[in-house]
Amino acid sequence: MSAPDFQNPLKRARGLGSSQSGVGHWWTQRVTAAALVVLGVWFVATVLCLLHADYATAKAAIAKPWNAVLLIAFSIAVFWHAALGLQVVIEDYVHTRWKEVVSLVLIKFLAVLGALASVLAVLRVALGA
1 MSAPDFQNPL
11 KRARGLGSSQ
21 SGVGHWWTQR
31 VTAAALVVLG
41 VWFVATVLCL
51 LHADYATAKA
61 AIAKPWNAVL
71 LIAFSIAVFW
81 HAALGLQVVI
91 EDYVHTRWKE
101 VVSLVLIKFL
111 AVLGALASVL
121 AVLRVALGA
């Protein structure tokens with residue numbers, strides 16, 4: 001007969017599973033979602049204001065420093081939030097380890113590439129290149 005285990009279940013579980021970094025991932029996803037709500041409202045309002053504008057007017061609007069900064073922040077938040085969301089989906093539904101790793105690396109690569117391309121495009125328009 002074994003000795004009774006008087007250890008707290010949390011003490012036994014500490015260090016096991018996703019309890020180490022899951023909260024950080026969860027908070028990052030919520031913060032990017034909140035940022036996207038605010039930036040999304042700004043983005044839609046800006047697009048609606050520029051709906052019937054010509055190219056020069058749209059370029060001048062994007063070239064304003066606050067608009068350029070907000071557009072860059074929106075682009076980064078979109079790709080970051082998308083990568084976090086897709087990571088959760090892959091971790092939950094892809095059960096073959098090599099497919100999971102390849103998918104996660106591919107998603108991170110595409111998210112960084114998309115964010116860099118977006119930032120470069122905004123900077124080129126904003127700086128007049």
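Residue 19 in the UniProt record's numbering sits at position 19 of the sequence shown; the count goes up by one each step and never skips.
All C-beta atoms, glycine included, are put in the ideal place defined by N, C-alpha and C.
What you are looking at is a predicted structure, and each value in this text was computed from that prediction instead of being measured.
Coil, strand or helix - residue i by DSSP
| i | result |
| --- | --- |
| A53 | coil |
| G40 | helix |
| residue 144 | Any answer about residue 144 is impossible in this case: the structure gives the chain only from 1 up to 129. |
| residue 157 | Lying before the first or after the last residue shown, residue 157 is absent from the chain, which here runs from 1 to 129. |
| K108 | helix |
| K59 | helix |
Classification of residue i by the beta-carbon crowding that lies within 10 angstroms, buried from 16 upward
| i | result |
| --- | --- |
| T32 | buried |
| H95 | exposed |
| L71 | buried |
| V122 | buried |
Spatial neighbours of residue i in its chain, beta-carbon cut-off 6 Å, leaving aside the 5 residues before and after
| i | result |
| --- | --- |
| Q29 | L84 |
| A111 | F79 and A83 |
| residue 133 | Beyond the ends of the chain as shown, which are 1 and 129, falls residue 133; an answer cannot be given. |
8 Å Cβ shell around residue i - same chain, five flanking residues per side excluded
| i | result |
| --- | --- |
| F74 | L36, L39, G40, W42 and F43 |
| A61 | T46, C49, L50, A53 and N67 |
Same chain, Cβ closer than 7 Å to residue i, five either side skipped, listed in chain order
| i | result |
| --- | --- |
| S103 | I90 and V94 |
| A108 | A quick correction: the sequence has Lys, not Ala, at residue 108. So the qualifying residues of the chain are A83. |
| Q87 | L104 and I107 |
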